[in-house]
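FYI, in my numbering the residues of the sequence shown are 318 to 563.
Where is the CB? At the ideal position from N, CA and C, for every residue including glycine.
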Amino acid sequence: AITRSVLSRAKASGFTVLVVTLDTWALAWRPADLDEGYIPFMEGVGNAVGFSDPVYRAGFAASTDGGTPESDTTLASMEWIKEVCPGQSRTWEDLVKLREWWDGPIVLKGIQHVEDAKMALQAGMDGIVVSNHGGRQLDGAIGSLDVLPRIASAVGDNMTVLFDSGIRTGVDVIKALSLGAKAVLVGRPAVYGFAVGGGEGAKQVLRGLLADFEMSLGLAGIRGVEGCKPEILERTEASATVKSSL
């Protein structure tokens, strides 16, 4: 019921594409977060979608004798986290329900294997995001860029293939596009900008990334996005002992 409510609200708010994150059905073991001892979710940070949902609020009130997320933020946060990260495996059959509830394009985020990409296509998905969640979910997972060419080759002609995880520079964008991505997603840098300067800070970070991208295209002798192809790249093996210098 909560999923249907959230989807209905998203549609009413003008959203047209549904992105389903596949790799956070359970929260990962995150040593950095544990070392800091600070989990923002527990203080209500990032829980606005749930706290504002009428179905969730009604359920929380019923289970707490009329309580609200505002009156007990910690408990409400714990209950919401259980909803979004339930620790329950989903199957491809669950996508059928999403198709019933969402009449727009559906994109699956977190694809890391060619066979999964093919299954997403067979399930009628409109796109996928090749992503390892920035390495925060499973330490040691294959780098998304390493598997991108194989996935793009397998399904890129029949569905939209996007790339996410570690985009920080214009050259990063060029590499991803050259290896088969139609576009890239940028998360943390924009959030960092927002933290420092609000909406304008986020815009400034993205403007900087676009400027870097355009300058890098020019310096590499690439006339435009259409020139980002596999043949412009040269793969090299770097020693683990090599250190970067300024």
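Starting from the Cα of residue i, find the closest Cα among the options and give me that residue.
i: A437; options: V337, G354, I491, N449; result: V337
i: R374; options: T385, S406, W342; result: T385
i: S330; options: T341, A318, V366; result: V366
i: I459; options: T477, S482, A469, E410; result: S482
i: R467; options: G457, H430, I491; result: H430
i: D529; options: Q439, A512, V490, D456; result: V490
i: G451; options: R505, L339, A469, E432; result: R505
i: L339; options: F377, S448, E432; result: S448
i: M395; options: G383, F377, D411; result: F377
With C-beta atoms as the reference, is residue i less than 8 Å away from residue j?
i: A471; j: A434; result: yes
i: L415; j: L479; result: no
i: A493; j: L523; result: no
i: T381; j: D389; result: yes
i: V503; j: L527; result: no
i: A318; j: V372; result: yes
i: R333; j: G421; result: It should be noted that the sequence gives Thr, not Arg, for residue 333. Against a cut-off of 8 Å, the Cβ pair of G421 and T333 comes out as a contact.
i: A345; j: R453; result: yes
i: W409; j: L324; result: no
i: A519; j: G510; result: yes
i: G515; j: Q521; result: no
Please classify residue i as buried or exposed, where buried requires at least 16 neighbouring CB atoms within 10 angstroms.
i: K399; result: exposed
i: L496; result: buried
i: I428; result: buried
i: N475; result: exposed
i: W397; result: buried
i: L563; result: Low confidence applies here, because L563 scores a pLDDT of 36, under 50, leaving its location unreliable; read the following figure in that light. Under this definition L563 is an exposed residue.
i: K546; result: exposed
i: N364; result: buried
i: A393; result: buried
i: R552; result: exposed
i: L465; result: buried
i: L425; result: buried
i: A379; result: exposed
i: A565; result: An answer regarding residue 565 cannot be provided, because it is not within the stretch 318 to 563 covered by the chain.
i: I549; result: exposed
i: A567; result: Outside the modelled stretch of the chain, which goes from 318 to 563, sits residue 567, for which no answer is possible.
**Prompt:** Using 8 Å as the threshold, is the segment 353–364 in touch with the segment 440–451, meaning 3 or more CB pairs across them?
**Reply:** Taking one beta carbon from each stretch, the segment 353–364 and the segment 440–451 have fewer than 3 pairs nearer than 8 Å; the two do not touch.
* If we count Cβ pairs, one from each stretch, closer than 8 Å, do we get three or more for the segment 529–538 versus the segment 478–491? -> Three or more Cβ pairs closer than 8 Å define a contact, and the segment 529–538 meets that threshold against the segment 478–491.
Next on the checklist: What ranges does the beta strand (DSSP E) occupy inside the segment 377–453, keeping only unbroken runs of at least 3 residues that lie completely in it?
Outcome noted: The qualifying runs are 423–428, 444–447.
(message) Pairs of beta-carbons, one from the segment 404–421 and one from the segment 348–356, closer than 8 Å: are there three or more?
(response) With the cut-off at 8 Å, the segment 404–421 and the segment 348–356 do not touch.
* Inside the segment 476–529 only - alpha helix (DSSP H) runs reaching at least 4 residues -> Counting only runs that start and end inside the segment 476–529, the alpha helix (DSSP H) elements of at least 4 residues fall at 487–495.
Secondary structure, alpha helix (DSSP H): runs of 4+ residues fully inside the segment 323–368:
Fully enclosed alpha helix (DSSP H) runs of 4 or longer: 348–353, 365–368.
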